[in-house]
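Below: the structure, in structure tokens.
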Amino acid sequence: MQVLKILAFAVSVYSFLCFIRIFITWIPGLAVSKFAWYLSRICDPFLNLFRRFSFLRLGALDFSPAVAICVLSAAATILANISATSHVTIGGILSMIISLIWSVTASIIFFLVLLIVIRLVVILITNDYGSTNSIWGQLDRILSSLIYSLTGIFSKNTMPYKKALILSAVTLAAIYIIGKILIGIVCTLLMALPF
């Protein structure tokens, strides 16, 4: 069990290094520093594994770094929990994995709902649908593919943008609530397994 504690600590440290690597890419001065170069050699091979998944990108938004960090956090949590108890079950491990995966998914859903609600509020208050070069126009380009994919489930016709935003926000909120309930039930059942 001591080995698992060491592994959990090592994974946590690596997760922190990856977080620093992601953070400094947002700072132009640090992004080209020697420190950043060393971090890229350590962290990029792992981070690049997740950049291959196109479904983690939504327009200009790239969720792959966040997912990569969450996977490392999940691994560290699982290793720490296993090392802390002498009674380990497959059901317990599966429950932890599923709950952590849902935690990542729920965070992304919440973030998208927040963006949609902010955009909707701006439209309702100012009736500003955003020019191409404005921040709202850029946000529309990011959201449009998701919004019309969701609304396409309910109607084959293209909806007015405001209506599409409302329907998308409601749909994602429903997915969030239903998903939370179902994941809770599944995890409870898995934890009850004797093996």
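For the sequence shown, the numbering used here assigns the number 626 to the initial residue and increments by one for each residue that follows. The beta-carbon is built from N, C-alpha and C at its ideal position, and this holds for glycine as well. None of these values were measured; they are calculated from a predicted model.
{"Query": "Neighbourhood of residue 841 by C-beta distance below 7 Å, restricted to the same chain and skipping five residues each side", "Result": "This structure cannot speak to residue 841, because the chain is shown only from 626 to 820."}
{"Query": "Inside the region 711 to 777 only - alpha helix (DSSP H) runs reaching at least 4 residues", "Result": "715 to 751, 760 to 776"}
{"Query": "One or two residues paired with residue 682 in a DSSP bridge", "Result": "687"}
{"Query": "Touch test, the region 729 to 744 against the region 800 to 817, Cβ-Cβ under 8 Å, three pairs minimum", "Result": "yes"}
{"Query": "Boundaries (first-last residue) of the alpha helix (DSSP H) holding residue 662", "Result": "659 to 676"}
{"Query": "Residue interval of the alpha helix (DSSP H) (run including residue 640)", "Result": "627 to 649"}
{"Query": "Which of helix, strand or coil DSSP assigns to residue 653", "Result": "helix"}
{"Query": "From 780, 794, 800, 633, residue whose alpha carbon lies closest to that of residue 702", "Result": "633"}
{"Query": "Terminal residues of the alpha helix (DSSP H) in which residue 784 lies", "Result": "Unbroken run through residue 784: none, as it is neither H nor E."}
{"Query": "Residue 817, DSSP secondary structure in three states", "Result": "coil"}
{"Query": "Of the listed residues 750, 722, 801, 748, nearest to residue 812 (C-alpha basis)", "Result": "722"}
{"Query": "Residue environment, residue 707, which counts as buried when at least 16 other CB atoms sit within 10 Å", "Result": "buried"}
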